[in-house]
Structures are given as structure tokens and as C-alpha cells.
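**Q** Residue numbers (numbering that gives the first Met the number 0): 0 to 519.
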Amino acid sequence: MSQIKNILRNYWPIFLFLVFSFILRIYKLEELFYFTYDESIPAFVGRRMFLWGHIPLIGGVSPFGVHLTPYFYWFLAGILAIGNFNPIIWGMVGAVLSIVTTFLMYIVGNSFANKKVGLTAAIFWAFSLLANIYDRHLWALYPGPLLSLVVIYSIFKIKKGSENFVYILSLALIIGISADPSNLVFVVFSVLIWIFFKLPISKKTIIAIFLVLLSLIPLIVFDLKHNFANTRPFLEFWSRSDNNPSFNPNKLINNFLLFPYAFSRLIYTFGDNEIAKQYSYSSIFVEEKYNSIPPVFVIISTLLLISFTIYSLRNKINYGWNIISILIIIYFLGIQLYGTIFKADIFEHYLSGLFAVFLLIFAKIVSAFPKKLWLFLISIFVIFNLSKLLVTKNSLGLTYKKQAIEFVMGNVGDKEFSIESLSTNWRYSGYRYLFTVFGREPVKSYVDSTVGYLYGTTEISKEHPNTIVAFVIHDFSEETQDFYRRYNFFKIHEKNHSTFGKIEVIIMDNSSKWFENVGN
């Protein structure tokens with residue numbers, strides 16, 4: 000008992016901030032919860048897995064057309080089943096996992112520097128609005144910050160002689176490869192670190208490598224069962240004529256700026272209070288959030304990152320920061336290779352594996368100041384980020400989508416209906432899956448051609464029934480002429496409508512079968 004009291008007495012601040020980390024991520028959980036097409040795919044996979052016993056051998060698909068290992072899908076499916084297939088459980092688990100990330104921020108900061116840096120890093124992760132936003136979104140890019148900390152700390156401990164950490168490292172790599180192809184950077188990073196630090200390749204190292212290779216067995220089995228259906232897209236990708244490497248100076252600069260942009264936004268997320276825009280792939284909203292960052296912040300962030308990387312590489316004493324600087328360089332080269340040379344679109348979330356690293360660097364810088372100034376800077380960070388969180392909203396959040404579905408159910412009763420979606424930037428918003436949880440399944444929908452095979456025993460109607468439900472999202476930016484043309488057709492056949500946030504639900508009469516000719 001006395002030992003527990005001593006632990007609480009010495010470490011109560013970190014316990015306090017672990018609690019804050021969780022509470023701030025469940026604050027307005029359903030209202031801010033983001034669920035779209037990308038989330039509906041693993042949700043459908045999980046539903047089919049537990050209700051109809053179909054265990055997938057492949058996971059999410061990469062830009063090269065190759066599917067990843069299925070373990071992350073299995074993980075998401077298991078959580079979903081525990082939550083009775085309500086995706087809000089993902090947000091809750093994301094909040095729980097944020098506690099682990101916050102704790103590791105303390106551990107890594109304390110190990111690489113001192114307790115002051117560790118505590119500062121934990122505070123920054125607990126209160127950073129951008130970290131909060133991404134921690135609420137349990138999808139393929141979610142594990143990035145947690146994985147980076149596990150990989151960095153494992154290599155740090157292996158370098159110090161704790162060889163058993165090689166098993167933790169291998170587990171992190173297996174999870175990373177299963178979640179998203181961007182996590183392959185950790186595999187490259189680990190190999191290069193082994194070479195750079197001349198780490199021994201012992202029996203335990205060989206076993207760890209074997210475990211990583213063993214994790215690929217489901218993909219091999221899938222390919223053998225389906226005539227190499229998973230391998231062929233990869234070969235076809237590289238044989239396509241539009242994949243010729245090239246060099247574009249503008250792409251180089253834009254992809255370079257992603258690093259100081261992310262660094263700045265982790266400190267304070269400037270711009271709009273709409274959380275949906277933070278996740279959006281739309282170039283309009285991507286440019287908007289980057290343009291909202293004051294140029295002086297971008298310049299300072301750039302100088303800090305470059306200075307830190309050069310300083311850490313030259314520092315032969317503290318190899319912890321050495322490891323971090325090498326990871327940043329590998330990320331930078333990977334982003335430039337994929338985004339600049341191979342002309343792929345690069346988004347902020349591709350850097351999620353550096354989010355924790357960036358805040359560790361910022362924590363080290365802030366911790367160098369005298370105590371009073373250190374406390375003042377932390378207070379400013381906490382106050383500004385908390386203030387922003389309090390006014391953050393999601394006009395396309397799960398709360399509004401639930402209300403919209405309840406409105407539909409109250410109007411269609413037991414009649415057959417189909418669903419359609421109209422939006423310039425948000426058309427694929429996960430409605431089809433949400434009807435399986437909060438309402439009744441439609442007989443036809445606008446996503447049947449892409450996810451219909453995941454419906455299990457539910458049959459898909461060939462024609463639209465007499466009642467069609469349209470979900471119209473009135474965007475944050477100016478709409479197109481085509482949008483208004485189709486919107487007018489919907490309103491002509493309207494029987495009832497209501498608006499929830501930015502979502503307008505239009506219940507339409509299709510008894511004349513007009514939709515087959517005009518609606519599409």
C-alpha cells in the first residue's frame with residue numbers, strides 16, 4: 000500500500016493528464032464523430048465477419064491496388080461487435096488508446112531527456128486539438144503516432160541492450176503493415192537503423208523477422224485461392240504508362256511544406272471550427288486549412304525542424320534524438336518519392352506517424368526555458384487548444400446522421416425505400432451502413448455497386464421502389480450547377496423533408512419511376 004502511495008505521490012501529474020487525455024476525447028463524442036464511406040467498409044467487413052462468419056484474408060487496399068494483411072480489420076471488427084455494431088465504439092476505443100499514446104509520450108520524453116520533457120510532451124499530446132481530432136478517428140491512419148513511439152522506444156532500448164524489445168518492435172511492424180501502407184516507412188526505418196547503429200542480428204532478431212514474414216501468410220493463402228488476384232494489381236500499377244516518374248518543383252515545395260504545416264497545426268489548429276474539414280480530401284478545404292496558418296508560424300516551424308534534425312544528427316551522445324531525426328528524414332524522402340516523383344496526392348494524415356515526434360521536439364524546446372516561462376508557455380498551449388475544442392463542431396457528425404435516419408424511419412414506416420446521396424464533396428458519407436444500425440436496410444442504394452458484396456444475406460433490388468430518400472449535403476463552399484440541377488429534380492418530387500446540421504433529408508415519390516431516367 001505504501002508503495003502505491005509513493006507512486007501516486009511521485010507521478011500524480013502524469014496520471015492527471017492521462018485522465019484529461021481520455022476525457023477530452025470523449026467530450027461531445029457522438030456529435031464530433033466522423034463516419035463516412037472509408038469507415039463504412041471495415042464496418043461492413045466486421046458485420047459480415049461476425050453475423051455470417053466470413054473471415055477476410057485481406058485488409059484495406061493500398062494505392063497500388065494490393066491489399067494489406069487483415070489484422071487491423073479483425074481488430075476493428077472485434078471492437079465493432081462488442082459495441083453491437085454501433086461505430087461510436089471506435090471513438091470510445093480511440094479515446095482509451097490515446098491514454099497509451101499520452102503515457103508513451105511521457106516515457107519517451109523522459110528516457111530521451113528528462114522528466115520535465117516527458118511531462119511536457121504528455122501535456123501537449125493530451126491537449127493538442129489536432130491530436131484530439133485524429134485520436135477520435137479510429138481508422139487506418141490512427142495507429143501512426145502510437146506506432147512511431149513504440150518503434151522509436153523499442154529501438155532505443157535494443158540499442159541499450161534490452162534485446163527482448165525486438166519482439167515488441169516486430170509486433171508494431173505487423174500492426175503497422177496491416178493498418179496502412181504508409182507504415183512501411185517503419186520497416187525501412189528499422190532496417191536502416193540496424194545498419195546505421197550496427198545492431199547485432201541475433202537469434203531473437205531472426206525470430207522477430209520470421210514473425211513479421213509469418214504475418215503475411217493470409218495474403219499468400221488469398222492469392223493462391225484467387226489466382227494471384229492480390230499480386231496482379233501491383234504489377235499492373237507499375238506497367239501503366241501514367242506511372243512514369245517525373246520531377247515537379249511545385250510538388251517538391253508543397254510536399255516539403257506539409258512538415259511545417261503539420262508541426263504548426265499540432266501546436267494550434269488555426270482556421271475553421273468544422274471538424275469535417277480537417278479530415279477532408281477536398282483541395283478546397285485542404286488549401287483553406289493551410290492558408291489559415293500565419294506565415295510566421297510556418298517559417299518558425301520550418302527553422303525549428305531543420306535545426307533540430309541537423310543538431311540531432313550531429314549529437315553523438317544522445318542517440319534517442321538521433322533516432323528521431325533519422326525517422327523524420329526517411330519520412331521526408333518517402334513523401335517526396337511517392338508524392339513528387341510518382342505524382343501522388345499527399346495529405347496531412349500521411350504524416351500521422353510524425354505527429355507524436357513533432358510534439359516531442361516541441362516539448363524539448365519548451366522545456367529548455369526557465370520554470371516560470373516554461374509553465375507560462377504550457378498554460379498558453381492548454382488554454383488556446385481547450386478554447387478551440389469547446390467551439391469545435393461537426394455539421395456532418397454522427398448525431399445529425401442518426402437524427403436524419405430516425406426522421407426517415409418515422410416517415411417511411413414499413414414501406415420499401417432506397418437511398419440516394421447528393422453532394423459535391425461529401426456524397427459517400429456512410430449512410431448505407433448506418434441504416435443497418437439505427438434504422439432498417441434500404442432495398443437499394445447509391446453504393447451498392449462498390450460495397451454490395453459486403454451486405455451478407457441482404458438482397459439488392461434491381462429497381463428503385465416507390466419511395467426514395469435523398470441525403471443532400473449543403474456544402475461549406477459554393478456548389479456546382481449540376482448539384483442544383485439534380486437538387487431541383489429532388490425538390491419537385493418531394494413528399495417531406497427536414498434538415499439536420501448540413502444534411503437535408505428529402506423523401507421523394509417515385510411511383511412514376513422518374514428517378515431511373517432523371518435521377519442519375
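Backbone N, C-alpha and C define an ideal beta-carbon position, used for all residues, glycine too.
Looking at the structure shown, is F246 part of a helix, part of a strand, or coil, going by DSSP?
**A** The answer is coil: DSSP assigns F246 none of H, G, I, E or B.
**Q** Could you give the residue range of the alpha helix (DSSP H) that holds F155?
**A** 143 to 158
**Q** Run through DSSP, which three-state label would V392 get?
**A** A small correction: the amino acid at residue 392 is Lys; Val does not occupy that position in the sequence shown. Here K392 sits in strand by DSSP.
**Q** Does the distance from the CB of K443 to the CB of H463 come in under 7 Å?
**A** With contacts defined by Cβ atoms closer than 7 Å, K443 and H463 form a contacting pair.
**Q** State yes or no: is the C-beta of L140 within less than 7 Å of the C-beta of S351?
**A** yes
**Q** What first and last residue would you give for the alpha helix (DSSP H) that runs through E38?
**A** 36 to 50
**Q** DSSP has I472 in a bridge; who is on the other side?
**A** I502
**Q** By how many angstroms is the C-alpha of I81 removed from the C-alpha of F34?
**A** 18 Å
**Q** Taking three-plus beta-carbon pairs below 8 Å as touching, is the stretch 339 to 357 in contact with the stretch 373 to 383?
**A** no
**Q** For T101, which of F111, A130, I87, I88 has the nearest alpha-carbon?
**A** A130
**Q** Alpha carbon to alpha carbon, what distance is there between Y337 and S245?
**A** 11 Å
**Q** Going by C-alpha distance, which of V60, L326, I506, I299 is nearest F188?
**A** L326
**Q** Can you grab the Cα-Cα spacing for the pair F434 / E440, in whole Å?
**A** 6 Å
**Q** Any contact between the stretch 359 to 376 and the stretch 299 to 314? By contact I mean 3 or more CB pairs, one from each, below 8 Å.
**A** yes
**Q** For F195, which residues from the same chain have a beta carbon less than 8 Å from its beta carbon, with the 5 sequence-adjacent residues on both sides left out?
**A** I325
**Q** Which whole-angstrom value is the C-beta distance of G58 and Y72, which I expect to be below 8 Å?
**A** 5 Å
**Q** Expressed to the nearest angstrom, what Euclidean distance is found between the alpha-carbon atoms of N578 and V165?
**A** In this structure the chain extends from 0 to 519, so residue 578 is not present and cannot be described.
**Q** So, do the stretch 117 to 132 and the stretch 16 to 24 have three or more beta carbon pairs nearer to each other than 8 Å?
**A** For the pair of segments examined, the stretch 117 to 132 was found to touch the stretch 16 to 24: the number of CB pairs separated by less than 8 Å reaches three.
**Q** Which runs of the beta strand (DSSP E) fall wholly inside the stretch 429 to 455 and span at least 3 residues, in chain order?
**A** none
**Q** Could you check what DSSP says for K288 in three-state terms: helix, strand or coil?
**A** helix
**Q** Smallest Cα separation from L28: which of E503, G455, L389?
**A** Nearest C-alpha to L28: L389.
**Q** Answer yes or no: do E30 and T391 have a C-beta to C-beta separation smaller than 7 Å?
**A** No.
**Q** Among P199, A125, L353, A42, which residue has its Cα nearest to the Cα of F258?
**A** L353
**Q** When you compare the stretch 404 to 423 with the stretch 463 to 476, are there three or more beta-carbon pairs, one atom per stretch, that lie closer than 8 Å?
**A** The way I'd put it, the stretch 404 to 423 does touch the stretch 463 to 476; three or more beta-carbon pairs between them come closer than 8 Å.
**Q** Please go through the same chain and pick out, in chain order, the residues whose beta-carbon is closer than 7 Å to the beta-carbon of Y105, but skip the five residues on each side of it.
**A** I13, G117, L118, A120, A121
**Q** Which whole-angstrom value is the C-beta distance of G77 and F32, which I expect to be below 8 Å?
**A** Between F32 and G77 the Cβ distance is about 19 Å, and since that is not below 8 Å, they are no contact.
**Q** Rounded to whole angstroms, what is the Cα-Cα separation between G412 and Y10?
**A** Straight-line Cα distance between these residues: approximately 56 Å.
**Q** Verify whether the separation of the beta carbon atoms of F341 and A403 is less than 7 Å.
**A** no
**Q** For R481, list the residues DSSP reports as bridge partners.
**A** Looking at the sequence itself, residue 481 is Asp, so the reference to Arg does not match. DSSP lists no partner for D481.
**Q** DSSP puts S420 in a beta bridge; with which residues?
**A** F470
**Q** Going along the chain, which residues of its own chain have a beta-carbon closer than 7 Å to the beta-carbon of F233, five neighbours each way excluded?
**A** F63, G64, V65
**Q** May I have a chain-ordered list of the alpha helix (DSSP H) segments no shorter than 4 residues that lie completely inside the stretch 299 to 340?
**A** List check, alpha helix (DSSP H) in window: 318 to 334.
**Q** Specify the secondary structure class of S20 as computed by DSSP and reduced to three states.
**A** helix
**Q** In whole angstroms, what separates the C-alpha of S394 from that of S201?
**A** Spanning the two alpha carbons is a distance of roughly 54 Å.
**Q** What runs of the alpha helix (DSSP H), each 4 residues or longer, lie entirely inside the stretch 165 to 216?
**A** Fully enclosed alpha helix (DSSP H) runs of 4 or longer: 183 to 195, 202 to 213.
**Q** Taking the alpha helix (DSSP H) that K414 belongs to, which residues open and close that run?
**A** From DSSP, K414 is part of no alpha helix (DSSP H); its letter is neither H nor E.
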